[in-house]
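J.: Take the position in the sequence shown, starting the count at 1, then add 3; the result is the number in this note's numbering. In this text, a Cβ means the ideal position worked out from N, Cα and C, and glycines have one as well. As the structure is a computational prediction, the values presented were derived from the model and not from experiment. Quick one: the structure is below, and I'll ask about it shortly.
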Amino acid sequence: MGTLIDRFDEHDGPVRGVHFHKSQPLFVSGGDDYKIKVWNYKTHRCLFTLVGHLDYIRTVQFHHEYPWIVSASDDQTIRIWNWQSRTCISVLTGHNHYVMCASFHPKEDLVVSASLDQTVRVWDIGALRKKTVSPADDISRLTQMNTDLFGGVDAVVKYVLEGHDRGVNWASFHPSLPLIVSGADDRQIKLWRMNDTKAWEVDTLRGHMNNVSCVMFHAKQDIIVSNSEDKSIRVWDVTKRTGVQTFRREHDRFWILAAHPEMNLLAAGHDKRPAFSVSGDSLYYIKDRFLRFYEFSTQKDTQVIPVRRPGSVSLNQGPKTLSYSPTENAVLVCSDVDGGSYELYVVSKDTVGRNDSVQDARKGPGASAVFIARNRFAVLDKATNQALVKNLKNEIVKKSPLPIPTDAIFYAGTGNVLCRAEERVAIFDLQQRVVLGELQSPSVKYVVWSGDMETVALLSKHAIVIASKKLVHRCTLHETIRVKSGAWDENGVFIYTTLNHVKYCLPNGDSGIIRTLDVPIYITRVSGNTIFCLDRDGKNRVLTIDATEYIFKLSLLKKRYDQVMGMIRSSRLCGQAVIAYLQQKGYPEVALHFVKDERTRFNLALESGNIQIAVASAKEIDEKDYWYKLGIEALRQGNTSIVEYAYQRTKNFERLSFLYLITGNTDKLSKMMKIAEIKNDVMGQFHNAVYLGDVQERVKILETAGQLPLAYITASLHGLTEVAERLAAELGATPLASQRGRTPAAAAVSRSALFVAPAPGMPVSQIWTQKSPLAGEHAAAGDFATAMRLLNRQLGIKNFEPLKPLFMDLHAGSHSYLRALALAPVVPLAVERGWSEGASPNVRGPPALVLRFPQLEEKLKLAYKATTEAKFAEALRLFLAILHAAPLIVVEQRREVDAVKELIDIVREYMLGLKLEVRRKETMDDPVRQQELAAYFTNCKLQEVHLRLALGSAMTVCFKGGNFATAAHFARMLLDTNPTAEAQAKRARGVLQACADKQDAAKLNYDFRNPFVVCGATFAPIYRGQKHVACPYCGSHFVPDVEGQLCPVCEIAVVGAYASGLLCSPSQAR
């Protein structure tokens, strides 16, 4: 109830009419796409579409018996469709303007329609029924055949009802009587009666102040309900032809009404919450015009006195709230009668249970009335925004102006009232006339105090705010379903109801479901596992709940571990939800007691640090991944024996050897070396020999592996002379390759007169640079001079010193060197971008680049993180590195070019902003300049989280400097960003309140009304219309005096230099 169940999106444009089938899971819809669609809401799909109308479709309706749909359209026709055969079976023409609605009669073969031609028409479709429903005899079949052959009228106009002066928007039949009601743009509602031969106007109902959009008869009562564009819904008495009730919403206009087929519900209805008040062990409530008394301990229900004359409740003006004074046995009953009024009853003991006449009540006007002391009550006078304090004689004894524009008041302790405004509440002391506390909150409907009056729950339509008695915020709960009622239990847990659930809220804001509900209830008291409540009919009900879950969570919250363990031993809790809660709140060791699954126990044991349970679970699971995780956790705890056991189970010999190394266990290292020798693991054997420092074993391993030169060097370096001589003799006179990769023979050839022809074809580096205009590819090819000329021409870059390491990295990354044989020269290879085995060897691709755009995006994330953590020096270094690398990036598609340009703009804004912030911190002795620099920082285009930090800093600096108007401006900007941190929003609201109607103490060179950019050199604003120059690369703005100088932001381009623009993609050169 009250939640979105599903969405159906196939219409193009607005959907104006929807109707559900009476018995099948179908509904029909019509919209501005001229289409009628029939849907199955169980299979969530459109079954078929009916096409035929030529303009917007206003209404659609299923027939209550036959497989028909009637539709009304702006094409001035009414169509009747057979949804089983999916055909149009009749077109009703006659209206000469838009047909606003059409509907079947609930019993007879009639259709009523309303049109903007100022008429209501009643159509007889009896012939259509006889034609389409299968005839029972041959005569009927013959009649139908004659009609088909020679023509016939399926539907005829039976009555044309004229009387409205403007277009008629709605008309509907009475469910049982021969009556029709219609509403029109002439602001009138007309009642018509019909018989077999004629129809005539019975009466006109006047009262709406604007167009009447919809009007209908109530299914069970003799009333008419209408809505209008005057923002009201009105209820009319059919017999008396008078208005009996008006519902008004100042911010809504009503367009349509719908009635529930069985329940007493309308689409625009009101809540039926009974008025009640709890006092100690007693509940006072109103039911059937009687004040009743219910005792919780004995569950005894007693009728006290009648409180209202008969008939008033039927006008939906029954009691809304009830306030009780136990000392004087007095009751205040508030209702919406006469725009808001109250009645005061003082109940004497001798009148309890008497059913005679209504007791004389002291009455008065007022939007709200509550007792604030033994014999005093406060009444809200909305006209003057005052609280009128009255005695039991209904005499005013004091008037107190309220601190905020108040539309309702609630009890808040002796002498205090809680004032409700649109989006906030405040506790006001009526005696001292001071505000004791104030809190931002959604519009509050009900207020529930705890038994000790230390905590209050503020119930809104879809939210609950828990606060202290001084309105210090503790937590807020948001519900998608409407909140109906609530009460505090003896443990300080708030138990509340929505339309279909009983829920709990702990003091820290944790919540959960206790049970579901069949019908809405209103909690009056919670005692242990028992909930006392009232239903919508005002009947007392007692529900039994299982409070184990929230008592368990409350015990954890209050660290009552003995109670927690007792509940665990009694096994009263189980389930994944409890385990997840314990993990989330940091109690994995408690969750261990609930879990039987070994994998879950293993994870919980690791999280809680219980290594012994983890070992037991790992043995049961016996999977490599779990032993690996166990080894990591045991190593973190320093439990080397468990680490060793885990590595042994997974046969992770490398980690095992390293463990023995760091623990100094040489004996086991020797065993690991033997194991590696048995496994023929040469590298493992050699590593263990290195760990042990066993030189002789290393020489032996190298010699066995055929690495005689390495064995010789190792032996000679460590003084093993005999071994070295033996290895030298084995090596003999084999010449070693020179450092330049050429053998002595090759060197001799190079010195000879023999000519060696160069390799055929064009060098790869020349192929790369021949047609490419991209500086990054020229740098990768090694043609640095051309790359610098391109960057100078395209981006005005002059200082290439910061780019030198990038040039070198690009060149080195696009070349590789392959050593084939020991005596052969090194073979150079060009690394191509996008190379594949199927590519032609004669076609060279562009060079592979080590600088790629995703790397800059990752670096940008690191810079964002450093900015958030206020590491401005590190952030500036990262942003500058991105600016230096961006000109050398190469991307393939045009949309990626836009992404590179956007990245440069983002980095420029952050560079400028962080330089402003660094300069601000350096000018601690100049408060005015500090405020200006903080203000300029807010003008930079930053991410929202960083903009909030900048706005908060500027707000604080200006507030401390006495520039209250400017500080208030920044506070408003900060609140406009909807800060997620409550402390940030609270501080901004505090500054805004403190700076109200205050001026600036000092004049700043900052005008937020005039758009400007900040000079990257002087850090001064350049307002719109002033002359300025820009950096051709990063786009930073400067005053004209900086022209020709190196850009202080990017540090590589010349300010004001002419440049053609960034080229970073081959697609730009095509």
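Sort Lys944, Ala714, Ala884 and Val900 by Cα distance to Ile909 and report the nearest one.
T.: Lys944
J.: Would you kindly report the start and end of the unbroken beta strand (DSSP E) that includes Lys201?
T.: Neither: Lys201 is in no beta strand (DSSP E) and is coded neither H nor E.
J.: Distance, Cα to Cα, Glu623 vs Phe555?
T.: Straight across, the Cα-Cα distance linking Glu623 with Phe555 is about 31 angstroms.
J.: Excluding the 5 residues flanking His24 on each side, which residues of the same chain have their C-beta closer than 6 angstroms to its C-beta?
T.: Here His24 has Phe65 as same chain residues with Cβ atoms under 6 angstroms from its own Cβ, once five neighbours each way along the sequence are excluded.
J.: Going by alpha carbons, who is nearest to Tyr913 out of Val931, Arg932, Tyr867 and Pro890?
T.: Tyr867
J.: Is the separation between the beta-carbon of Ile1055 and that of His1040 shorter than 7 angstroms?
T.: Result no, Cβ atoms of Ile1055 and His1040 do not sit closer than 7 angstroms.
J.: Tell me whether the beta-carbon of Leu461 lies closer than 7 angstroms to the beta-carbon of Val438.
T.: Taking 7 angstroms as the cut-off, the Cβ atoms of Leu461 and Val438 do not count as close.
J.: Please tell me whether Leu294 and Val281 are closer than 7 angstroms, where the distance is taken between their beta carbons.
T.: no
J.: Helix, strand or coil: how does DSSP classify Ile8 here?
T.: coil
J.: Under a three-way DSSP split, which group does Tyr101 fall into?
T.: coil
J.: Per DSSP, what kind of secondary structure is Glu13 in: helix, strand or coil?
T.: coil
J.: Going by beta-carbon coordinates alone, are Ala608 and Ala617 separated by less than 7 angstroms?
T.: yes
J.: Specify the secondary structure class of Ala823 as computed by DSSP and reduced to three states.
T.: coil
J.: Roughly how many whole angstroms lie between the Cα atoms of Trp258 and Glu232?
T.: 7 angstroms
J.: Let me confirm a value: Arg822 is counted as buried when at least 16 other C-beta atoms fall within 10 Å, else exposed. Which label applies?
T.: exposed
J.: Using 7 angstroms as the threshold, is the C-beta distance between Arg922 and Leu936 below it?
T.: yes
J.: Which residue wins for smallest C-alpha separation from Leu194, given the options Glu426, Asp225, Thr324 and Ala415?
T.: Asp225
J.: Where does Gly634 land, buried or exposed, given buried means 16+ other C-beta within 10 angstroms?
T.: buried
J.: Taking the C-alpha atoms as reference points, what is the distance between Ala782 and Lys1030?
T.: 37 angstroms
J.: Would you kindly work out how many angstroms separate the C-alpha atoms of Ala424 and Arg539, rounded to a whole number?
T.: 28 angstroms
J.: Go through the stretch 442-473 residue by residue and report every complete run of the alpha helix (DSSP H) that reaches 4 residues or more, in order.
T.: The DSSP assignment places no complete run of the alpha helix (DSSP H) inside the stretch 442-473 (cut-off: 4 residues).
J.: Does Phe535 come out as helix, strand or coil in the three-state DSSP assignment?
T.: strand
J.: Cα separation between Ala790 and Gly779?
T.: 7 angstroms
J.: Note down, in chain order, each residue of its chain lying with its Cβ closer than 7 angstroms to the Cβ of Ser338, except the 5 sequence neighbours on either side.
T.: Cβ neighbours of Ser338 beyond the five flanking positions: Gln320, Gly321, Pro322, Lys323 and Ser344.
J.: Which same chain residues, not among the five before or five after Ala550, have their C-beta less than 6 angstroms away from its C-beta?
T.: Asn532
J.: Please classify Thr707: is it buried, with 16 or more other beta-carbons within 10 angstroms of its beta-carbon, or exposed?
T.: Exposed, because fewer than 16 other Cβ atoms sit within 10 Å of the Cβ of Thr707.
J.: Pairing CB atoms from the stretch 504-514 with CB atoms from the stretch 456-474, are three or more of them under 8 angstroms?
T.: yes
J.: Taking just the CA atoms, how far does Leu793 sit from Pro1051?
T.: Between Pro1051 and Leu793, the C-alpha separation is close to 22 angstroms.
J.: Are the CB atoms of Gly20 and Val63 nearer to each other than 7 angstroms?
T.: Taking the C-beta atoms as reference points, Val63 is found nearer than 7 angstroms to Gly20.
J.: Tell me which residue opens and which closes the alpha helix (DSSP H) that Cys961 is part of.
T.: Glu947 to Lys963
J.: Assign Phe882 to one of three DSSP states: helix, strand, or coil.
T.: Residue state for Phe882 is assigned as helix, using DSSP reduced to three classes.
J.: What alpha helix (DSSP H) runs, 4 residues minimum, are completely inside the stretch 333-418?
T.: none
J.: Provide the residue span of the alpha helix (DSSP H) that contains Ile907, from first to last.
T.: Arg897 to Glu925 is the extent of the alpha helix (DSSP H) around Ile907.
J.: Thinking C-beta only, is Ile412 closer than 7 angstroms to Ser471?
T.: no
J.: Can you tell which of Cys961, Asn668 and Val948 has its C-alpha closest to the C-alpha of Pro982?
T.: Val948
J.: Nearest-angstrom Cα distance between Gly916 and Leu664?
T.: Taking the straight line joining both Cα atoms gives about 51 angstroms.
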